[in-house]
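Novice:
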Amino acid sequence: MPKVIMYTTNFCPYCKMAENLLRSKGVEEIEKIRIDLDPDQRSEMMNKTGRRTVPQIYIGDRHVGGYDDLTQLDRKGELVALLAT
Numbered sequence: 021m022p023k024v025i026m027y028t029t030n031f032c033p034y035c036k037m038a039e040n041l042l043r044s045k046g047v048e049e050i051e052k053i054r055i056d057l058d059p060d061q062r063s064e065m066m067n068k069t070g071r072r073t074v075p076q077i078y079i080g081d082r083h084v085g086g087y088d089d090l091t092q093l094d095r096k097g098e099l100v101a102l103l104a105t
């Protein structure tokens, strides 16, 4: 299973929902980068993704996007395949 990285904050409900969805698909380990604790991480996230909102999710080298993007992949049946690579 590829590495999953999620830029997150402690108070983000969409981050929690994204984590729950990933765990329901068998993801056991999610590297969380807390941008609320480290402003430099927020800047890094914005530079890498071009987005300001959390969560921002990477599966392997692929930037999946946020929670809506993740659920869209799941509805299309592509999330499980992406996690299997």
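Just so you know, the sequence shown maps onto residues 21 to 105 in my numbering. C-beta: ideal position from N, C-alpha, C; glycine also. If you're wondering where the values come from, they're calculated on a predicted model, not measured in any experiment.
#1: Please name the residue or residues paired with residue 82 in a DSSP beta bridge.
#2: Where does residue 66 fall in DSSP's three states?
#3: In terms of residue numbering, what span does the alpha helix (DSSP H) encompassing residue 91 cover?
#4: Going by C-alpha distance, which of 44, 105, 70, 36 is nearest residue 54?
#5: Distance check for residue 39 and residue 30, CA to CA, integer angstroms please.
#6: Spell out the partners DSSP gives residue 54 in its beta bridges.
#7: Where residue 101 and residue 24 are concerned, what is the direct C-alpha to C-alpha distance, given to the nearest angstrom?
#8: Using DSSP with H/G/I as helix, E/B as strand and the rest coil, what is residue 36?
#9: Assuming residue 52 and residue 91 make a contact with CB atoms under 8 Å, what is their CB distance in whole Å?
Specialist: Walking through what the data contain:
#1: DSSP lists 79 as the beta-bridge partner residues of residue 82.
#2: Correct three-state label for residue 66: helix.
#3: The continuous alpha helix (DSSP H) containing residue 91 extends over residues 87-95.
#4: Nearest neighbour of residue 54 by Cα position, chosen from 44, 105, 70, 36, turns out to be 36.
#5: Between residue 30 and residue 39, the C-alpha separation is close to 12 Å.
#6: 28, per the DSSP bridge assignment.
#7: Distance between the alpha carbons of residue 101 and residue 24 is about 14 Å.
#8: Helix at residue 36.
#9: In fact, because the Cβ distance is near 19 Å, the residues do not count as touching under 8 Å.
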